[in-house]
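**Student:**
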Amino acid sequence: MTSYRLKNVLLVAVASLSALVGLAASAQTSTLDNILEVSAQKTEAARESQAKVDRLADETRNLLDDYKTVMKQIDGLRVYNARLQRQIDNQVRRIADIDESIDQVTVIQRQMTPLVIRMIDGLEQFVEMDVPFNLEERRQRIEFLKTNVDRSDLTVAEKFRQVLEAYNIELQYGRGFETYTDTIDLGTGPRDVDFLRIGRIALVYQTSDGLEAGAWNNTTRSWEPLSSGDYSAAIRKGVRIAKKTATIELLNMPIAAPEAQ
């Protein structure tokens with residue numbers, strides 16, 4: 005009987021011990037799972053934190069690159085603005101100079117018109133007192149200048165330029181050597197003659213038949229006949245030279261001697 009009770013007690017103890025071992029094993033398994041889960045969470049958190057740090061580092065690096073780029077642009081703009089400011093300063097000075105010149109031009113324009121008129125009058129007097137070659141052409145040029153003086157669509161500068169051009173043409177006449185055909189009244193009616201002009205020192209003519217010749221005397225303001233034997237050949241030769249059909253050579257021409265002072 006006693007032995008039977010002992011067996012029961014042992015069975016109960018073994019059962020209790022098995023239960024305790026099972027509970028301990030179950031508790032140990034649960035703790036290990038928790039540890040592993042916490043470790044996995046920390047690993048994931050660390051990975052996320054590293055990814056965030058990397059992203060922030062990339063953003064910082066990009067911002068630094070953008071900052072450097074902007075600073076370079078700012079430096080370039082500073083240099084450009086400094087140069088532009090110098091240009092603006094120069095333009096301001098030029099505007100001031102132009103304004104001053106405009107004020108002076110207004111005064112000059114008032115003085116230029118009377119000057120142009122006096123120059124035209126002087127040129128007209130000169131032509132009328134000069135050797136009478138191409139007289140109609142020269143008179144028409146003067147009338148053209150007189151007409152332009154009253155034109156409102158021409159600037160004073162253009163009028164002055166035209167007068168200077170006319171003066172230059174008259175100046176070139178003094179260096180010219182030409183021949184032309186025209187009509188002259190020799191007292192017996194109009195005659196067709198060949199004129200030969202040598203600058204302003206000689207203006208001679210010869211009739212088409214070569215029988216008569218003459219020269220202009222600017223002192224008496226008249227034509228004077230020439231000896232056909234002395235000058236006819238020279239005049240014919242001069243006409244051919246002026247027409248470029250003969251070579252240049254010395255010519256015997258009637259030239260007025262300079263007056264003694």
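Each residue of the sequence shown is one higher than the one before, counting from 5 in our numbering. We treat Cβ as the ideally placed atom computed from N, Cα and C, and that holds for glycine.
1) Using 8 angstroms for Cβ pairs, my map puts L149 next to Q166. What's the rounded Cβ distance?
2) Output the distance between the C-alpha atoms of M75 and E63, rounded to the nearest integer angstrom.
3) On the premise that P258 lies in contact with S230, defined as a C-beta separation below 8 angstroms, what is that separation, rounded to the nearest angstrom?
4) Which of helix, strand or coil does DSSP assign to A206?
5) Among all the DSSP beta bridges, which residues are the ones paired with G218?
6) Between the C-alpha atoms of D134 and N222, what's the straight-line distance to the nearest angstrom?
7) Where do the ends of the beta strand (DSSP E) carrying E182 lie?
8) Less than 8 angstroms between the beta carbons of L127 and Y171, yes or no?
9) Where does A264 fall in DSSP's three states?
10) V42 to R59, Cα distance in whole Å?
11) If V153 sits next to I112, beta carbons under 8 angstroms apart, how far is it from one beta carbon to the other, in whole angstroms?
12) Out of I202, S156 and I188, which one is the CA nearest neighbour of I176?
13) Please report how far the alpha carbon of V131 lies from the alpha carbon of D125, in whole angstroms.
14) Could you tell me if Q95 is buried or exposed, where buried requires 16 or more neighbouring beta carbons within 10 angstroms of its beta carbon?
15) Quick one, are the C-beta atoms of L207 and F137 less than 8 angstroms apart?
16) Where does P118 sit, in a helix, a strand or coil, going by DSSP?
**Tutor:** Let me spell this out:
1) Indeed, because the Cβ distance is near 6 angstroms, the residues count as touching under 8 angstroms.
2) Distance from the CA atom of M75 to the CA atom of E63, rounded to whole angstroms, is 18 angstroms.
3) One point to set straight first is that residue 230 is Leu, not Ser, in the sequence displayed. About 6 angstroms separates the CB atoms of L230 and P258; that is less than 8 angstroms, so the two are in contact.
4) Looking at A206 - three-state DSSP - the assignment turns out to be strand.
5) DSSP lists Y209 and P229 as partners of G218.
6) Between D134 and N222, the C-alpha separation is close to 7 angstroms.
7) Bounds of the beta strand (DSSP E) holding E182 are F181 to D189.
8) In this structure, L127 lies near Y171, with their beta-carbon atoms less than 8 angstroms apart.
9) Bear in mind that a pLDDT of 48 at A264, under 50, signals an unreliable position, so the model cannot answer this.
10) Linking V42 to R59 through their CA atoms gives a straight-line distance of about 25 angstroms.
11) So it is not a contact: roughly 16 angstroms between Cβ atoms.
12) The sequence given here places Gln at residue 176; Ile does not occur at that position. Nearest to Q176 by alpha-carbon distance, out of I202, S156 and I188, is I202.
13) Straight through space, the alpha carbons of D125 and V131 are spaced by roughly 10 angstroms.
14) Result: exposed.
15) L207 is a Cβ neighbour of F137, given a cutoff of 8 angstroms.
16) Correct three-state label for P118: helix.
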